[in-house]
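In the working numbering, the protein residues as written are 5 to 378.
Idealized CB from N, CA, C, for every residue including glycine.
The structure presented is a predicted model; accordingly, all values stated were derived computationally and were not measured.
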């Protein structure tokens, strides 16, 4: 079954339990009626339009918001004499993406399947940024911190993290460098690491968000918890020398190991892989974090948008729509993402449905197979 047919069958299966009004609520810009549909193929098309159309609109809003923050798109990849650095490849079981059969990375693999080990993590073997470029970013971010404007929130609606986070959009020189040089380099690197079938045209890659992260042991800002990034690809570039801090690195749950890279080197990985900023024991660690998506909606991204929509509906008290979004996402990924089930469990717990919550927590535990459930 193709990814599109799988996606369609899942959406239709869930849609049968919801009326036209609820589906229209999930995709407010779709107008086709589901009241009387004589043909099954027509029903599939209409339900897809209703439910997934809302995700397409969210993606378009995401691209517009990034442009408004100052992140520009690129038209061409860097030419000679610059070439992307070579990269060491690490293979990861596809199940750890939490995307199931609509995972674009295994579908792009010639022999891919949900059980496959896929090339999802890449470490450059030579610097992507020069020492001068790294120092310039650190200097500008340090001045921003000194001015007292820094936050420990990675997103406006998130709880504070154990790290200082400076938006690159707030750093004029770093932003100009990213728009003129940096993104093109990262896109070229991504184009050599991932296939077009997985990430689309590398020239269509755009920065969704960009942060300069500072871990500071003396201030107690030592780590980030395990999480998935809200993007297609994540590029983490080490900005300072390894001898300036102890510990640290990017910890990947699927591999149960940390990647600690030299200054200027980049770690590029599928954003769907759960990871954490590993604890530093002393010193300061500086990282440039780029969260990258494609200007063209990629099929595997439907799950992340449905997660956000479910959360928003839940916060508004619209639990039926929240459940619908989560159930569709669970169906799409064949229940390979325990976060979806755990989120439903928390919602049921908050509503006082303790038995339902317990059942869902047990399901989440079974899916994650003893891994960190946060």
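| Check | Outcome |
| --- | --- |
| When the Cα atoms are used, what is the spatial distance from residue 185 to residue 123? | 26 Å |
| In the DSSP assignment, the beta strand (DSSP E) including residue 273 goes from what residue to what residue? | 270-274 |
| Have a look at residue 79 and residue 187 and give me their C-alpha separation to the nearest angstrom. | 11 Å |
| Going by beta-carbon coordinates alone, are residue 330 and residue 344 separated by less than 7 Å? | yes |
| Strictly by DSSP, which residues pair up with residue 242? | 291 |
| On the criterion of 16 or more Cβ atoms from any shown chain inside 10 Å, does residue 358 qualify as buried, or is it exposed? | exposed |
| Residues in its own chain within less than 8 Å of residue 244 by CB, not counting five upstream and five downstream? | 138, 142, 267, 288, 289, 290 |
| Considering just the uninterrupted stretch of the beta strand (DSSP E) at residue 93, what are its terminal residues? | 91-97 |
| With distance defined between alpha-carbon atoms, name the residue in 147, 195, 193, 166 nearest to residue 172. | 147 |
| Using only alpha-carbon positions, find the residue among 228, 130, 174, 126 that is nearest to residue 74. | 174 |
| Are residue 242 and residue 273 touching if we call contact CB-CB under 7 Å? | no |
| By how many angstroms is the C-alpha of residue 256 removed from the C-alpha of residue 277? | 7 Å |
| Would you report the Cα separation of residue 213 and residue 71, rounded to the nearest angstrom? | 10 Å |
| Report yes if the CB atom of residue 283 is closer than 7 Å to the CB atom of residue 247, and no otherwise. | no |
| Which same chain residues, not among the five before or five after residue 177, have their C-beta less than 6 Å away from its C-beta? | 144 |
| Is residue 125 closer than 7 Å to residue 94 when the C-beta atoms are compared? | yes |
| My output table needs one value for residue 75: the three-state DSSP class, helix, strand or coil. | coil |
| If you draw a straight line from the C-alpha of residue 46 to the C-alpha of residue 319, how long is it? | 33 Å |
| Based on the DSSP secondary-structure assignment, which residues constitute the bridge partners of residue 170? | 216 |
| For residue 335, report the span of its alpha helix (DSSP H) as first-last. | 323-336 |
| Please state the DSSP three-state secondary structure of residue 36. | Any reading at residue 36 is ruled out, since the residue's pLDDT is 38, under 50, leaving its predicted position unreliable. |
| Taking the C-alpha atoms as reference points, what is the distance between residue 231 and residue 281? | 9 Å |
| By the DSSP assignment, the alpha helix (DSSP H) with residue 312 in it spans what residues? | 306-319 |
| What span of residues does the alpha helix (DSSP H) with residue 366 cover, start to end? | 358-372 |
| Could you give the DSSP three-state label for residue 285: helix, strand or coil? | strand |
| Using DSSP bridges, identify the partner residues of residue 211. | 296 |
| Comparing alpha-carbon positions, which option in 81, 76, 92 lies nearest residue 265? | 92 |
| For the beta strand (DSSP E) containing residue 230, name the first residue and the last one. | Unbroken run through residue 230: none, as it is neither H nor E. |
| The beta strand (DSSP E) that contains residue 124, what's its start and end? | 121-128 |
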